[in-house]
Amino acid sequence: MSIGEVAPVVWVLTGLFAVRVAGQALVALRAPVWLPAMADWNLTPYRLLLPTQFALLGVMVWLDVSFSTAAGSATEGSERLGWVLIAFSAVYAGGMAARYVVRMTRTPSARWFGGTIPIVFHVTLALYLFTLGSFYAGN
Numbered sequence: 013m014s015i016g017e018v019a020p021v022v023w024v025l026t027g028l029f030a031v032r033v034a035g036q037a038l039v040a041l042r043a044p045v046w047l048p049a050m051a052d053w054n055l056t057p058y059r060l061l062l063p064t065q066f067a068l069l070g071v072m073v074w075l076d077v078s079f080s081t082a083a084g085s086a087t088e089g090s091e092r093l094g095w096v097l098i099a100f101s102a103v104y105a106g107g108m109a110a111r112y113v114v115r116m117t118r119t120p121s122a123r124w125f126g127g128t129i130p131i132v133f134h135v136t137l138a139l140y141l142f143t144l145g146s147f148y149a150g151n
């Protein structure tokens, strides 16, 4: 992937993750009926999860800006790092696929999309890592 191809992809994936974080904050503050209850969103206490997600978003935006401007150390990763990120993203996405199968096996009433919001957004993060890895491995 070229740097020009990476920038829009990472921005879209960052935006999708930001939507998830905003959705969690909305559930915590307002508990709308059209979103799952807070207890259904995560295994980590929210007081720890939210700051971690904001930090992750900060790193993602920093990387996104680096790719958009084609400047900075973020655009100079090594080929080895690229392959590590690709491998990790594959394991991460595979873990989410397994999580989906387990969830659907344990809660057949939730098929096909019940409780999948966290899984989908973890796959979004895996795609983000895959995109970065593809860029680094190709340079």
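In terms of my numbering, the numbers along the sequence shown are unbroken and rise by one, the last being 151. Virtual Cβ for every residue (Gly too), placed ideally from N, Cα, C.
Point to revise | Same chain, Cβ closer than 7 Å to residue 65, five either side skipped, listed in chain order | key: Result list for residue 65: 33, in chain order.
**Study point:** N- and C-terminal bounds of the alpha helix (DSSP H) containing residue 70
**Key:** Going by DSSP, residue 70 is part of the alpha helix (DSSP H) stretching over 58-81.
Practice item. Using a threshold of 8 Å, state whether the C-beta atoms of residue 25 and residue 143 are closer than that. Key: Closer than 8 Å, so yes.
Point to revise | Short Cβ contact (8 Å threshold) for residue 148 with residue 93 | key: With contacts defined by Cβ atoms closer than 8 Å, residue 148 and residue 93 form a contacting pair.
Review point. What is the DSSP secondary structure of residue 123, reduced to helix, strand or coil?
Key: Here DSSP, grouped into helix, strand and coil, assigns residue 123 to coil.
Review point. Once you ignore the five residues that flank residue 97 on each side, which residues in its own chain have a CB closer than 6 Å to its CB?
Key: Hits under 6 Å: 141, 144 and 145.
Review point. If you draw a straight line from the C-alpha of residue 62 to the C-alpha of residue 87, how long is it?
Key: Taking the straight line joining both Cα atoms gives about 28 Å.
**Study point:** Burial state of residue 136 (16 or more Cβ within 10 Å)
**Key:** Buried.
Point to revise | Distance, residue 122 Cα to residue 99 Cα | key: Straight-line spacing of the CA atoms in residue 99 and residue 122 works out to 31 Å.
Check your understanding: Could you give the distance in angstroms between the alpha-carbon of residue 78 and the alpha-carbon of residue 118?
Key -> Going by C-alpha positions, residue 78 is about 43 Å away from residue 118.
**Study point:** residue 108 and residue 138 closer than 8 Å at C-beta
**Key:** A contact, by the Cβ cut-off of 8 Å.
Review point. If you check the beta carbons only, do residue 131 and residue 112 fall under 8 Å apart?
Key: Contact: yes.
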